[in-house]
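Chains as they are written, first to last, in my numbering: chain A, 187 to 445; chain B, 196 to 427. For every residue, glycine included, the Cβ atom is placed at its ideal position computed from N, Cα and C. To start, the structure under review is shown below, and the notes come after it.
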Amino acid sequence: MLRKIMKYEFLATGRLFLPAYIAVVALALFNGILQWAGGDSGLYSAFARADNWAIATNSLLMIVYFMVVFATAVLTTVLIIRRFYTSLFKDEGYLTNTLPVSVDKLLLGKLLPAICWSIISFIVVTISVLILVAQWIVWQDLLFFLDWELMDVLSLLSIVVSLVTGILAFYSALAIGQLAKRRKILLAIGAYIGIVFAVSLISTFLFFNTNTSLIDRFIFGTDQDIINTTLISIGFSLAQAVMHYVIARYILKNKLNLE
Amino acid sequence: MSYTLECQTLTKHYPQSLALNQINLQLGKGKIVGLLGPNGSGKTTLIKLANGLLTPTQGQVLINGQPPGIETKKVVAYLPERTYLPDWMTAGKAMAYFQDFYENFNMEKAEDMLVRLGIAKQDRIKTMSKGTREKIQLILVMSREADLYLLDEPIGGVDPAARDYILDTIITNYREDATVLISTHLIHDIEHVLDEVVFLNQGRIALHESVKQIQTERETTVDALFREVFRC
Numbered sequence: 187m188l189r190k191i192m193k194y195e196f197l198a199t200g201r202l203f204l205p206a207y208i209a210v211v212a213l214a215l216f217n218g219i220l221q222w223a224g225g226d227s228g229l230y231s232a233f234a235r236a237d238n239w240a241i242a243t244n245s246l247l248m249i250v251y252f253m254v255v256f257a258t259a260v261l262t263t264v265l266i267i268r269r270f271y272t273s274l275f276k277d278e279g280y281l282t283n284t285l286p287v288s289v290d291k292l293l294l295g296k297l298l299p300a301i302c303w304s305i306i307s308f309i310v311v312t313i314s315v316l317i318l319v320a321q322w323i324v325w326q327d328l329l330f331f332l333d334w335e336l337m338d339v340l341s342l343l344s345i346v347v348s349l350v351t352g353i354l355a356f357y358s359a360l361a362i363g364q365l366a367k368r369r370k371i372l373l374a375i376g377a378y379i380g381i382v383f384a385v386s387l388i389s390t391f392l393f394f395n396t397n398t399s400l401i402d403r404f405i406f407g408t409d410q411d412i413i414n415t416t417l418i419s420i421g422f423s424l425a426q427a428v429m430h431y432v433i434a435r436y437i438l439k440n441k442l443n444l445e
Numbered sequence: 196m197s198y199t200l201e202c203q204t205l206t207k208h209y210p211q212s213l214a215l216n217q218i219n220l221q222l223g224k225g226k227i228v229g230l231l232g233p234n235g236s237g238k239t240t241l242i243k244l245a246n247g248l249l250t251p252t253q254g255q256v257l258i259n260g261q262p263p264g265i266e267t268k269k270v271v272a273y274l275p276e277r278t279y280l281p282d283w284m285t286a287g288k289a290m291a292y293f294q295d296f297y298e299n300f301n302m303e304k305a306e307d308m309l310v311r312l313g314i315a316k317q318d319r320i321k322t323m324s325k326g327t328r329e330k331i332q333l334i335l336v337m338s339r340e341a342d343l344y345l346l347d348e349p350i351g352g353v354d355p356a357a358r359d360y361i362l363d364t365i366i367t368n369y370r371e372d373a374t375v376l377i378s379t380h381l382i383h384d385i386e387h388v389l390d391e392v393v394f395l396n397q398g399r400i401a402l403h404e405s406v407k408q409i410q411t412e413r414e415t416t417v418d419a420l421f422r423e424v425f426r427c
């Protein structure tokens, strides 16, 4: 059942993400080719020739590219939030919530595709930047990416865990919003602000506390100190993720009240 | 023995109103039951509670003896009073969706009804009229071989010709031991298909009788009785 939920989740969201990805890569390619082609086409040559038209068109294309990159980042976040909200709590919720599927599968069926899209969005934007600056890259230099150390693995893990926690924070805030008799979105926003505030408060105590001075050890400490601090931060993030999941699950299972 | 649908002191409060007030109701197998009442009498609330879309304030609702959950959702076919299909789907995709999630979905039956109603599989939900969307949803719901059909205003939004077809679809497609609960205020149109009626008034059951009883003992029609009970 999880597989099926995910299948329809990808179908529902893919038709919105794919065009955005195509636009990012196409614009990067177009801009990139203009710059690589040499001769009179690039921005550099336009400046050299003091050709205002060429500068303007080249700059405009660059601006459009950066706007599309920015739009992709915003789109990813907005779609993840919107999709969760509309498919569970609006009209489509009448369909989703009457499927013979457990709440866990519903939640994971939304969460896993959301994680995938976030990672794909990041990869697509990275590829587009590489395309754009391809002519200046010394490709051998990029080989150091293949040289993994423990700390690199931990950093990557920490990023992925934060991503999951970030998405689940949206889910639990939206679910808490459903507890309101009216103005559900307002309560959801309030809940989200509350979560962010509480987390920063606790992190401050945890990491900037003079007793632990975790942040000092992270910056000035030994390799082992850095690893330990990273592990603690991953643990802290995981604990939040579990809390958000439990909240969203409890509300969907026991407190559902569709309008 | 457990009833197909049972409500035990079922109560639901909304912020401004009491939608259902201590309802006790038992529906057995193999009946077509009309859930009748004026607007705001609690019909939709009752059906949503039975689907687990609302949480009761007090009391409980049981389907085959179980509270709403995965097991009851397998055997309940629910037609809500709104469009719940995502608008990016086509008719064919929506059917595939039902086939994926409901083991008791009969694809052949659904395809057959789709053809008879002149809807193409590749038609998008987005471009359909409200009436066509309602027809698609009814096809999907009635193509399931369920124990309990909960139909919320199935004929409210369609023209009288389609109304006859839909009622015909309902009575010819449900299994003999299945129960059908139809909420509506268009009593005259559905009177002839009902076995029992439940009158809801301001969150309370005003009457629960068989149609035969109403016709022979009270010597009146459901429509006339309704007008009498709910006289303004």
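Three-state secondary structure assigned by DSSP to residue i
i: arginine 403 of chain A; result: helix
i: aspartate 347 of chain B; result: strand
i: glutamine 294 of chain B; result: helix
i: cysteine 427 of chain B; result: coil
i: glutamate 306 of chain B; result: helix
i: leucine 395 of chain B; result: strand
i: arginine 358 of chain B; result: helix
i: phenylalanine 308 of chain A; result: helix
i: glutamate 329 of chain B; result: helix
i: threonine 206 of chain B; result: strand
i: threonine 243 of chain A; result: helix
i: alanine 373 of chain B; result: coil
i: phenylalanine 300 of chain B; result: strand
i: threonine 379 of chain B; result: strand
i: glutamine 221 of chain B; result: strand
i: leucine 215 of chain B; result: strand
Any chain A beta carbon closer than 8 Å to residue i
i: asparagine 301 of chain B; result: no
i: threonine 322 of chain B; result: no
i: aspartate 295 of chain B; result: yes
i: isoleucine 265 of chain B; result: yes
i: tyrosine 344 of chain B; result: no
i: lysine 238 of chain B; result: no
i: lysine 325 of chain B; result: no
i: lysine 330 of chain B; result: no
i: isoleucine 277 of chain B; result: Residue identity differs from the one stated: residue 277 of chain B is arginine in this sequence, not isoleucine. By this cut-off, arginine 277 of chain B is an interface position.
i: proline 262 of chain B; result: no
i: threonine 250 of chain B; result: yes
i: proline 355 of chain B; result: no
i: leucine 280 of chain B; result: yes
i: proline 210 of chain B; result: yes
Local Cβ density within 10 Å of residue i, reported as buried at 16 or more and exposed below that
i: asparagine 234 of chain B; result: exposed
i: threonine 240 of chain B; result: buried
i: aspartate 342 of chain B; result: buried
i: tyrosine 280 of chain A; result: buried
i: valine 319 of chain A; result: exposed
i: threonine 351 of chain A; result: buried
i: lysine 243 of chain B; result: buried
i: lysine 330 of chain B; result: buried
i: glutamine 326 of chain A; result: exposed
i: tyrosine 369 of chain B; result: buried
i: proline 262 of chain B; result: exposed
i: arginine 339 of chain B; result: buried
i: glutamine 426 of chain A; result: buried
i: glutamine 408 of chain B; result: exposed
i: serine 423 of chain A; result: buried
i: glycine 380 of chain A; result: exposed
i: glycine 247 of chain B; result: buried
Contact with chain B by residue i, beta-carbon distance below 8 Å
i: proline 286 of chain A; result: yes
i: alanine 198 of chain A; result: yes
i: glutamate 195 of chain A; result: no
i: glutamate 278 of chain A; result: yes
i: arginine 368 of chain A; result: yes
i: lysine 190 of chain A; result: yes
i: arginine 435 of chain A; result: no
i: leucine 365 of chain A; result: no
i: asparagine 217 of chain A; result: no
i: leucine 442 of chain A; result: yes
i: leucine 281 of chain A; result: yes
Practice task
Taking only runs that begin and end inside the segment 224 to 274 of chain B, name each unbroken beta strand (DSSP E) of 3 or more residues, in chain order.
Solution key: With a minimum length of 3 residues, the unbroken runs of beta strand (DSSP E) contained wholly in the segment 224 to 274 of chain B fall at 227 to 231, 253 to 258, 271 to 274.
Handout entry: Three or more C-beta pairs below 8 Å linking the segment 236 to 243 of chain A and the segment 286 to 298 of chain A
Key = No contact exists between the segment 236 to 243 of chain A and the segment 286 to 298 of chain A.
Practice task
Kindly confirm or deny that the segment 417 to 435 of chain A and the segment 257 to 267 of chain A touch, where touching means at least three C-beta pairs closer than 8 Å.
Solution key: Look at the beta carbons and you see the segment 417 to 435 of chain A not touching the segment 257 to 267 of chain A: under three pairs across the two are nearer than 8 Å.
Problem - the segment 373 to 388 of chain B touching the segment 220 to 230 of chain B, judged by at least three CB pairs closer than 8 Å - result: Enough Cβ pairs lie closer than 8 Å, so yes.
Handout entry: the segment 223 to 248 of chain B: positions lying closer than 9 Å to chain C by Cβ
Key = In the structure shown, chain C cannot be found, because the protein chains are A and B.
Exercise for the section: Please determine if the segment 292 to 311 of chain A and the segment 204 to 222 of chain A are in contact, where contact requires at least 3 C-beta pairs separated by less than 8 Å. Expected result: As far as the Cβ criterion goes, the segment 292 to 311 of chain A touches the segment 204 to 222 of chain A, which means the pair count is three or higher.
Problem - Contact the segment 201 to 213 of chain B vs the segment 354 to 369 of chain B: 3+ CB pairs below 8 Å - result: Verdict: no, contact absent.
Handout entry: At least three beta-carbon pairs within less than 8 Å, the segment 414 to 427 of chain B to the segment 381 to 388 of chain B
Key = Remark: three or more beta-carbon pairs, one from each stretch, lie closer than 8 Å, so the segment 414 to 427 of chain B and the segment 381 to 388 of chain B are flagged as touching.
Exercise for the section: Evaluate contact between the segment 251 to 266 of chain B and the segment 290 to 303 of chain B, counting only Cβ atoms and requiring at least three cross-stretch pairs below 8 Å. Expected result: Here the segment 251 to 266 of chain B makes no contact with the segment 290 to 303 of chain B; the two share fewer than three CB pairs at distances below 8 Å.
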